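Read the structure below first, then the notes.
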Amino acid sequence: GAGVSQTPSNKVTEKGKYVELRCDPISGHTALYWYRQSLGQGPEFLIYFQGTGAADDSGLPNDRFFAVRPEGSVSTLKIQRTERGDSAVYLCASSTDQSSYNEQFFGPGTRLTVL
Amino acid sequence: AQKVTQAQTEISVVEKEDVTLDCVYETRDTTYYLFWYKQPPSGELVFLIRRNSFDEQNEISGRYSWNFQKSTSSFNFTITASQVVDSAVYFCALKVSGGYNKLIFGAGTRLAVHP
Chain A
1 GAGVSQTPSN KVTEKGKYVE LRCDPISGHT ALYWYRQSLG QGPEFLIYFQ
51 GTGAADDSGL PNDRFFAVRP EGSVSTLKIQ RTERGDSAVY LCASSTDQSS
101 YNEQFFGPGT RLTVL
Chain B
1 AQKVTQAQTE ISVVEKEDVT LDCVYETRDT TYYLFWYKQP PSGELVFLIR
51 RNSFDEQNEI SGRYSWNFQK STSSFNFTIT ASQVVDSAVY FCALKVSGGY
101 NKLIFGAGTR LAVHP
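Residue numbers (our numbering), protein chains in the order written: chain A, 1 to 115; chain B, 1 to 115.
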């Protein structure tokens, strides 16, 4: 079946602009996660959705970052007033439910470059 | 606090050599899960294995094996008879139980297997 998909694969923007990154999880997966991976680092957790609600947003770095999942499927990560330090690969993952035991399946990521 | 340390930044081997990737974790929780993911040059994280904190049995899957030792808080990964296709960045990750579903990743080990 189809895996996690993310669009766009690459996004180049200018400092101060607004961007939206989209994630389409595996069909039927109720849990969805966003991570950010900087060059040479492991992914860092941003936010976790169970269904439509954000169950844990403790990883969002500041209030310029916001994510939604209005229908419990597709999610959008929104970044306002982008800064050069936001440049990274943004990864989305999904799992069958919120159980800690279940592995997360990752998408290919969106590479964001802020000039 | 939870933390994962992968002290080896880069490892270079010649094909057919055995190689072990080290992972040390920190957590005060008694119930937790450990994972290994592979990130090939294409960028997509691929799940390899999951262990829970109550199961210290080592596991072998083809050329891959994992050694989990709670006494030393380690979860090491060995590739036997390495192949060029094993070249990738490998991440160890920790997830604690109790509603916190985020994966805590180490910084990764870049493995280069040369012909």
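Yeah, the Cβ is synthetic: ideal placement off N, Cα and C, and Gly gets one too.
None of these values were measured; they are calculated from a predicted model.
A/Lys17 and B/Gly43 have their alpha carbons spaced roughly 26 angstroms apart.
Per the DSSP secondary-structure output, A/Asp56 pairs in a beta bridge with A/Tyr48. The beta carbons of A/Pro43 and A/Leu77 sit no closer together than 7 angstroms. At a cut-off of 7 angstroms between C-beta atoms, A/Gly109 counts as an interface residue with respect to chain B. Contiguous beta strand (DSSP E) elements confined to the stretch 14-54 of chain B occur at 19-21, 24-26, 32-39, 46-52, taking only those with 3 or more residues. B/Phe35 reaches chain A at Glu103, counting residues in chain order whose Cβ is nearer than 7 angstroms. Between B/Gly106 and B/Gln39, the gap from beta carbon to beta carbon reaches 7 angstroms or more. If you check the CB distance, A/Tyr48 and B/Asn101 come in under 7 angstroms. According to the DSSP assignment, A/Thr113 belongs to the beta strand (DSSP E) that extends over 110-114.
Between A/Asp97 and A/Ala31 the beta-carbon gap is near 6 angstroms, inside 8 angstroms, which marks them as a contact. Beta bridge pairing from DSSP links B/Ala7 with no other residue.
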